[in-house]
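Right, one structure below, let's go through it.
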Amino acid sequence: MSKKLSQDIAFWTFRILGWLVVGILLWILGFIIYNGIGVINWEFISQGPRDGMLKGGIFPAILGTFCLIVGSMIIAFPLGVMSAIYTNEYVRDGKISRFIRMMTNNLGSIPSIIFGLFGMALFVRYLGWKGSILAGSFTLGLLVLPLVIRTTEEALRMVPDALRVGSYALGASKLQTIRYVILPTAFPNVITGLILSVGRVSGETAPILFTGAAYFLANLPSSIFDKFMALPYHLYVISTSGTNLDAARPIAYGTALVLITLVLIINFTASFIRKYFSKKHGAH
Numbered sequence: 679m680s681k682k683l684s685q686d687i688a689f690w691t692f693r694i695l696g697w698l699v700v701g702i703l704l705w706i707l708g709f710i711i712y713n714g715i716g717v718i719n720w721e722f723i724s725q726g727p728r729d730g731m732l733k734g735g736i737f738p739a740i741l742g743t744f745c746l747i748v749g750s751m752i753i754a755f756p757l758g759v760m761s762a763i764y765t766n767e768y769v770r771d772g773k774i775s776r777f778i779r780m781m782t783n784n785l786g787s788i789p790s791i792i793f794g795l796f797g798m799a800l801f802v803r804y805l806g807w808k809g810s811i812l813a814g815s816f817t818l819g820l821l822v823l824p825l826v827i828r829t830t831e832e833a834l835r836m837v838p839d840a841l842r843v844g845s846y847a848l849g850a851s852k853l854q855t856i857r858y859v860i861l862p863t864a865f866p867n868v869i870t871g872l873i874l875s876v877g878r879v880s881g882e883t884a885p886i887l888f889t890g891a892a893y894f895l896a897n898l899p900s901s902i903f904d905k906f907m908a909l910p911y912h913l914y915v916i917s918t919s920g921t922n923l924d925a926a927r928p929i930a931y932g933t934a935l936v937l938i939t940l941v942l943i944i945n946f947t948a949s950f951i952r953k954y955f956s957k958k959h960g961a962h
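Structure below.
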């Protein structure tokens, strides 16, 4: 077999596999849209559920999911970025850095239900937060913390050492170099970790099941110490419980479509921020 023929076979194999992945994604999205678009209207988006969740809307679940996403990112993003800066910029390659990275990887491999049990034991019971948005946000923040650390470390490693050396040569301190040179350069890629984290947080059910998610609430939460509804848990319950699953199935597909749309909106917003900072840094 000639070299050119081997290259052509490899090229078309990878191309077909790539388009296959895209096709599977489009098929899943099309299936959800086809089955869920019929229930999407203003009432479904803006009102609370009633009549055993078979009528009304899912606004409390949308609000609860948004609060969890924002709360968990407020917790995980600063901690993850600062941890990555420490391991990549301050700790020399050696036993300590390898140990930190090994423990980070181990933390990332723990099943989400274990995080849920840990969050219930620590935040709900020991700290006395009970089932609440705060407890759920901290639990989900810890869940995605390893992901933020790993993606931020990779972004920091992509910054050329010449930029660090040039900054030091101009008399900047290490902290100034990190603040004004390294972070602005790496920030567009750091946003990738934020996007991946949002996607995972928005779809987790087990952690919030133990930390405050409710199937139905008559009133919207008024503080971070209140229980909450969330789209993943709402979707799980309405798809598996109740006496009329056939009537609930369109609502389940509608809930899934709203959840996907919410994640896409947040991801597009984060991508826009990433593109903005990439252009801003490139202009300098």
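Per the numbering used here, residue 679 is the first one in the sequence shown, and the count goes up by one each step. Don't be surprised by glycine CBs; every beta carbon is placed ideally from N, CA and C.
Residues of its chain near residue i, where Cβ-Cβ distance is below 7 Å and the 5 sequence neighbours each way are ignored
i: Trp697; result: none
i: His962; result: At His962 the pLDDT is 47, less than 50, meaning the model places this residue with poor confidence; the figure from the coordinates comes in the next sentence. Answer for His962: no residue qualifies.
i: Asn766; result: Glu831, Leu834 and Arg835
i: Met798; result: Phe888 and Thr889
i: Leu874; result: Leu825 and Thr829
i: Tyr846; result: Thr855
i: Ile752; result: none
i: Ser775; result: Thr765 and Val769
i: Arg952; result: Pro866 and Ile869
i: Ile711; result: Leu935
i: Phe793; result: Thr817, Leu820, Leu821 and Pro885
Residue closest to residue i, alpha-carbon to alpha-carbon, out of the options
i: Asn867; options: Leu800, Val759 and Ala891; result: Val759
i: Ile886; options: Gly819, Gly772 and Phe755; result: Gly819
i: Lys905; options: Lys733, Trp690 and Pro738; result: Pro738
i: Val915; options: Tyr893, Ser901, Ser900 and Tyr931; result: Tyr893
i: Tyr931; options: Thr947, Asp839, Ile736 and Tyr768; result: Ile736
i: Phe755; options: Leu898, Leu841, Phe816 and Arg728; result: Phe816
i: Leu937; options: Gly806, Ile723 and Ile702; result: Ile723
i: Asp729; options: Asn922, Arg770, Gly742 and Ile753; result: Asn922
i: Ala948; options: Gly814, Ile869, Ile774 and Gln685; result: Ile869
i: Ser900; options: Ser917, Ile702 and Cys745; result: Cys745
i: Met907; options: Gly849, Phe777, Leu741 and Tyr954; result: Leu741
i: Leu913; options: Gly881, Leu895, Ala896 and Phe903; result: Gly881
i: Leu909; options: Ala926, Leu935, Ala925 and Ile902; result: Leu935
i: Ala896; options: Leu695, Ile694, Gly734 and Leu942; result: Gly734
Bridge partners - residue i, DSSP secondary structure assignment
i: Gly806; result: Answer is none; Gly806 lacks a bridge partner.
i: Phe906; result: Ala891
i: Gly734; result: Pro727
Spatial neighbours of residue i in its chain, beta-carbon cut-off 6 Å, leaving aside the 5 residues before and after
i: Ile827; result: Gly758, Ser761, Ala762 and Thr782
i: Arg878; result: Val822
i: Ile791; result: Ala884
i: Val699; result: none
i: Leu785; result: Pro824
i: Phe801; result: Trp807, Ala813 and Phe816
i: Val860; result: The sequence given here has Ile at residue 860, not Val. Val837, listed in sequence order.
Cβ neighbours of residue i in the same chain (closer than 8 Å, five flanking residues each side left out)
i: Pro928; result: Asn713, Gly714, Gly716 and Val717
i: Ser956; result: Pro866
i: Asn945; result: Ile873, Val876 and Gly877
Supposed close pair residue i, residue j - CB separation, criterion 8 Å
i: Ile811; j: Gly726; result: Incorrect: roughly 17 Å between the Cβ atoms, too far for contact.
i: Ala884; j: Gly814; result: Actually they are not in contact, since the Cβ atoms of Ala884 and Gly814 sit about 11 Å apart, beyond 8 Å.
i: Thr743; j: Leu872; result: Not quite, the Cβ-Cβ distance comes to about 16 Å (not below 8 Å), so this is no contact.
Inset, instruction - Kindly confirm or deny that the segment 837–855 and the segment 785–800 touch, where touching means at least three C-beta pairs closer than 8 Å. - result: In short, these stretches do not touch, since the Cβ pair count stays below three.
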